[in-house]
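Structure, as structure tokens:
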Amino acid sequence: MKSKLCLALPLLALPFLLRQPAAATTYMRMPDSALVDQAAAVVDVKVVDVSSAPLDGQPATDYLVEVNRVLKGSLSGSTVVVRVPGGVDPQGLGLKIWGAPQFAKDEDALLFLRPAKDGTYRILHLMLGAFHQRTVDGKTLALRDLSDAHDVSAKSEAEDGVDTVRDFHRFSGWVADRAAGVPNPGDYVLGNAKALLQSLPEKYVLLMSNDGNPIRWFRFDDGQSVQWRVNSAGQPGLGLDATIAAFQVSLSAWNSNPGTNINYVYSGTTSASNGLVRSDNVDTILFNDPNREVDAAFDCHTGGVIAVGGPFYYTSTRTYRGQRYHEAVEADIVTNDGTSCLFQNNPSAAQEIFAHELGHTLGLGHSKDPNALMYAFAHNDGRGASLTADDRAAVSVLYGDGSVPDGSGGGTGGGSGSLTAPTRLTVRATSRTTAVLTWRDKAQGEESFVVERAPSRRGPFQVVATLPADSTSDQVTGLNPGTVYFFRVRAESGDQTSPYSPVVGVRTPR
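Counting with this note's numbering, you get residues 174 to 683 for the letters of the sequence shown.
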């Protein structure tokens with residue numbers, strides 16, 4: 174649980190001192206049979222009231238629902254409370270979980286539930302267990318809204334964002350029969366359509382708070398950085414070292430984008446494990462969902478939620494290039510338990526998913542460009558953390574001049590000739606005074622590699638090592654404890670130089 178330390182300070186009743194986190198969700202679609210089998214109860218309900226949950230933990234929204242029909246299991250009464258993460262707590266702290274289902278008063282829905290220890294109920298697999306009743310062309314349908322979530326299960330562009338359109342009453346009957354062990358052919362499928370209650374935009378979008386204002390980090394404008402830490406448990410299926418390497422690649426994808434001032438720094442490991450439950454002033458990627466922020470575990474065979482992530486932000490706004498923004502002040506990413514099967518020996522998937530969630534922490538929503546990193550559905554085709562022109566255009570609005578720079582964001586220097594820049598540069602502090610860099614050698618015919626170091630991402634850079642051809646790592650010594658350093662590498666051959674690698678940063682331990 175994260176502390177509300179900021180709420181103990183004077184004047185914290187003022188809105189501009191309250192932090193609100195916004196989070197996005199990554200998931201894999203799952204068969205209806207798995208939803209039925211995993212749910213403790215499945216109910217046809219009407220929402221009769223909506224209110225903020227009266228608790229001091231994670232901000233949440235309570236939906237008082239009246240049960241029309243119980244299709245599986247049993248409930249504590251004919252009217253129960255369904256608690257969904259996200260909302261405003263009694264102290265005014267807000268949380269927005271993108272992908273968490275939202276309901277309107279008097280709405281009918283089909284919900285797959287599990288009981289909680291506090292007497293309320295949780296929706297199984299967040300948005301995957303919530304079906305909204307809608308009437309279209311005289312037919313009563315059961316529809317899910319997956320528009321704010323990120324799907325890793327689509328195998329082609331044609332499949333992206335497509336969900337089954339279900340006849341509400343036939344689907345309900347099939348659920349009841351499966352729960353009772355009665356054979357049912359399951360003829361409730363009417364077709365397939367985009368799983369959206371509203372359409373995705375035509376291109377990139379910015380992550381919006383509840384009041385419609387986007388979110389960005391203002392500290393980059395002052396030359397400051399956001400110092401990310403990796404929880405020391407590491408991602409199951411990868412191990413700590415591979416997790417750190419994948420996360421650094423994901424950070425570098427955003428840092429190296431030309432024309433923007435993004436300054437995400439890897440600052441080592443941490444034992445912090447609060448995630449998105451409470452603000453703790455530690456920007457952390459956390460693994461295996463230790464706080465049970467997602468109700469059910471992920472399974473590679475049946476799917477489910479993979480990760481959530483986003484920024485905490487102030488409720489007041491500031492102006493950047495004529496637009497009002499909420500100021501991001503902290504960010505966290507949490508992967509679900511059970512995801513080891515997805516990440517096992519698959520670092521490119523980790524790089525893509527981590528980078529996508531980092532994009533949300535920067536203030537980006539989902540793009541309609543099917544090739545974009547911020548597309549609502551992961552590619553998982555080996556491309557890893559790769560930005561497209563659409564992604565670069567989005568961050569240029571938030572952290573640049575609004576123009577779309579040329580190139581892929583692969584470096585910060587010019588270079589000449591045909592030498593290819595090193596890729597996948599990572600850095601890790603191995604002691605208070607030592608850091609190890611690793612990269613991939615993509616050059617042909619180079620004579621040496623030059624390693625450069627700087628106190629900030631913008632420089633000035635100085636040469637700290639010249640290495641022989643075919644080098645792919647270097648150990649840098651003589652660093653100061655508790656200090657942030659930035660590194661870049663390029664290949665050289667005579668008067669010929671490659672472009673620089675992406676710039677990476679690290680903080681040495683104190």
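Idealized CB from N, CA, C, for every residue including glycine. Just so we're clear, the structure is a prediction, and the values are computed from it rather than from any experiment.
Which whole runs of the alpha helix (DSSP H) in the region 491-545 are 4 residues long or more, in chain order?
513-516 and 520-535
Assign residue 634 to one of three DSSP states: helix, strand, or coil.
Sequence index remark: in the sequence shown, residue 634 carries index 461 (1-based). Residue 634 falls in the coil class under three-state DSSP.
Residue 422 and residue 597 - do their beta-carbons sit closer together than 7 Å?
For this step, residue 597 is matched to residue 424 along the sequence shown. For this step, residue 422 is matched to residue 249 along the sequence shown. In this structure, residue 422 lies closer than 7 Å to residue 597 by Cβ.
Considering Cα atoms alone, identify which of 496, 479 and 250 is closest to residue 385.
Here residue 385 refers to the residue found at position 212 of the sequence shown. The option with the nearest alpha carbon to residue 385 is 496.
Taking residue 202 as the reference, give the member of 561, 476, 516 and 650 with the closest Cα.
Counted from its first residue, the sequence shown places residue 202 at position 29. When each option's Cα is compared against that of residue 202, the closest is 476.
Do residue 404 and residue 460 have their CB atoms nearer than 7 Å?
The residue labelled residue 404 in the question sits at position 231 within the sequence shown. The residue labelled residue 460 in the question sits at position 287 within the sequence shown. Yes, the pair counts as a contact, with Cβ atoms nearer than the cut-off.
Please confirm whether residue 207 and residue 288 have their CB atoms less than 7 Å apart.
Against the sequence shown, residue 207 aligns to sequence position 34. Against the sequence shown, residue 288 aligns to sequence position 115. The answer is no: Cβ separation not under 7 Å.
I need the DSSP call for residue 229, collapsed to helix, strand or coil.
What you label residue 229 is simply residue 56 of the sequence shown in a count that begins at 1. Reduced to three states, the DSSP call for residue 229 is coil.
Which residue comes first and which comes last in the beta strand (DSSP E) that contains residue 441?
Position 268 of the sequence shown, counted from the start, is the residue given in the question as residue 441. First-last of the beta strand (DSSP E) with residue 441: 437-443.
Throw me the rounded Cβ distance for the residue 228 and residue 252 pair, which I believe falls under 8 Å.
The sequence position of residue 228 within the sequence shown is 55, counting from 1. The sequence position of residue 252 within the sequence shown is 79, counting from 1. Incorrect: roughly 19 Å between the Cβ atoms, too far for contact.
Evaluate residue 355 with the Cβ neighbour count: other Cβ atoms within 10 Å of its Cβ, from every protein chain shown; 16 or more gives buried, anything less gives exposed.
Counting from one through the sequence shown, the residue named residue 355 turns up at place 182. Exposed: under 16 other Cβ atoms inside 10 Å.
Could you tell me the alpha carbon to alpha carbon distance between residue 561 and residue 544, rounded to whole angstroms?
As a working note, residue 561 is residue 388 in the sequence shown. As a working note, residue 544 is residue 371 in the sequence shown. Those two C-alpha atoms are separated by around 7 Å.
Excluding sequence positions up to five away, which residues of its chain have a Cβ less than 6 Å from the Cβ of residue 513?
Here the question's residue 513 lines up with position 340 in the sequence shown. 409 and 410.
Where residue 306 and residue 282 are concerned, what is the direct C-alpha to C-alpha distance, given to the nearest angstrom?
Taking the sequence shown and counting its residues from 1, one reaches residue 306 at position 133. Taking the sequence shown and counting its residues from 1, one reaches residue 282 at position 109. Going by the C-alpha atoms only, they are around 5 Å apart.
Residue 421 - DSSP class collapsed to helix/strand/coil
On the sequence shown, residue 421 is found 248 positions in, with the first residue counted as 1. Helix at residue 421.
Given that a residue counts as buried once 16 or more other Cβ atoms are within 10 Å of its Cβ, and exposed if not, what is residue 462?
To locate residue 462, count along the sequence shown from 1; it is residue 289. By the 10 Å Cβ count, residue 462 comes out buried.
If you reduce the DSSP assignment to three classes, tell me which class residue 584 lands in.
As a first step, residue 584 must be located in the sequence shown, where it is residue number 411. Caution applies to residue 584, whose pLDDT of 37 falls short of 50 and renders its modelled position unreliable; the model cannot decide the point.
Quickly, what does DSSP pair residue 358 with across the bridge? List them, please.
Locating residue 358 in the sequence shown gives position 185, counting from the first residue. Residue 358 pairs with nothing; no bridge assigned.
Going straight from the alpha carbon of residue 257 to that of residue 277, what length do you get?
Counted from its first residue, the sequence shown places residue 257 at position 84. Counted from its first residue, the sequence shown places residue 277 at position 104. If you take the alpha carbons of residue 257 and residue 277, they lie about 13 Å apart.
Which same chain residues, not among the five before or five after residue 498, have their C-beta less than 7 Å away from its C-beta?
Numbered from its first residue, the sequence shown carries residue 498 at position 325. Answer for residue 498: 386, 387, 388, 389, 490 and 491, listed in chain order.
With distances taken from CA atoms, which of 347, 263 and 239 is nearest residue 245?
In the sequence shown, residue 245 corresponds to position 72, counting from 1. Ranking the options by Cα distance to residue 245, first place goes to 347.
From what residue to what residue does the beta strand (DSSP E) around residue 552 run?
Indexing the sequence shown from 1 puts residue 552 at position 379. Unbroken run through residue 552: none, as it is neither H nor E.
State the beta-bridge partners of residue 281 as determined by DSSP.
Counted from its first residue, the sequence shown places residue 281 at position 108. In DSSP, residue 281 forms a bridge with 219.
Can you give me the start and stop residues for the beta strand (DSSP E) that residue 563 sits inside?
By 1-based counting over the sequence shown, the position of residue 563 is 390. Element bounds for residue 563: not the beta strand (DSSP E) but the alpha helix (DSSP H), 562-572.
When you compare only the Cα positions, how much space is there between residue 150 and residue 468?
Absent from the structure is residue 150, since the part of the chain shown begins at 174 and ends at 683.
Cα-Cα separation between residue 647 and residue 603, rounded to whole angstroms:
Translated into positions along the sequence shown, residue 647 becomes position 474. Translated into positions along the sequence shown, residue 603 becomes position 430. When rounded, the distance between both Cα atoms is 12 Å.
Kindly indicate which three-state DSSP category residue 392 falls into: helix, strand or coil?
What you label residue 392 is simply residue 219 of the sequence shown in a count that begins at 1. Helix at residue 392.
Is residue 307 near the ligand COA, judged by its Cβ being under 6 Å from some heavy atom?
No copy of the ligand COA appears in this structure; indeed no ligand is present at all.
Pair within 7 Å by beta-carbon distance, residue 481 and residue 507:
The residue labelled residue 481 in the question sits at position 308 within the sequence shown. The residue labelled residue 507 in the question sits at position 334 within the sequence shown. For residue 481 and residue 507, yes; Cβs fall inside 7 Å.
Is it the case that the region 603-622 contacts the region 562-573, given that we only count it when at least three CB pairs across the two stretches are under 8 Å?
no
Looking at the unbroken beta strand (DSSP E) that takes in residue 410, where does it start and where does it end?
Against the sequence shown, residue 410 aligns to sequence position 237. Neither: residue 410 is in no beta strand (DSSP E) and is coded neither H nor E.
Pick out the complete beta strand (DSSP E) segments inside the region 232-263, 3 residues or longer, and give them in chain order.
233-245 and 252-258
Pick out the complete beta strand (DSSP E) segments inside the region 614-672, 3 residues or longer, and give them in chain order.
621-627, 635-641, 646-649 and 657-666
Going by CA-CA distance only, name the one from 339, 216, 342 and 318 that's closest to residue 294.
Residue 294 sits at position 121 when you count from the first residue of the sequence shown. When each option's Cα is compared against that of residue 294, the closest is 216.
Going by the beta-carbon positions, is the gap between residue 621 and residue 645 smaller than 7 Å?
Counted from its first residue, the sequence shown places residue 621 at position 448. Counted from its first residue, the sequence shown places residue 645 at position 472. Cβ atoms of residue 621 and residue 645: not closer than 7 Å.
Using the beta-carbon count (16 or more within 10 Å), is residue 633 buried or exposed?
The residue given as residue 633 occupies position 460 in the sequence shown. Per the 10 Å Cβ criterion, exposed.
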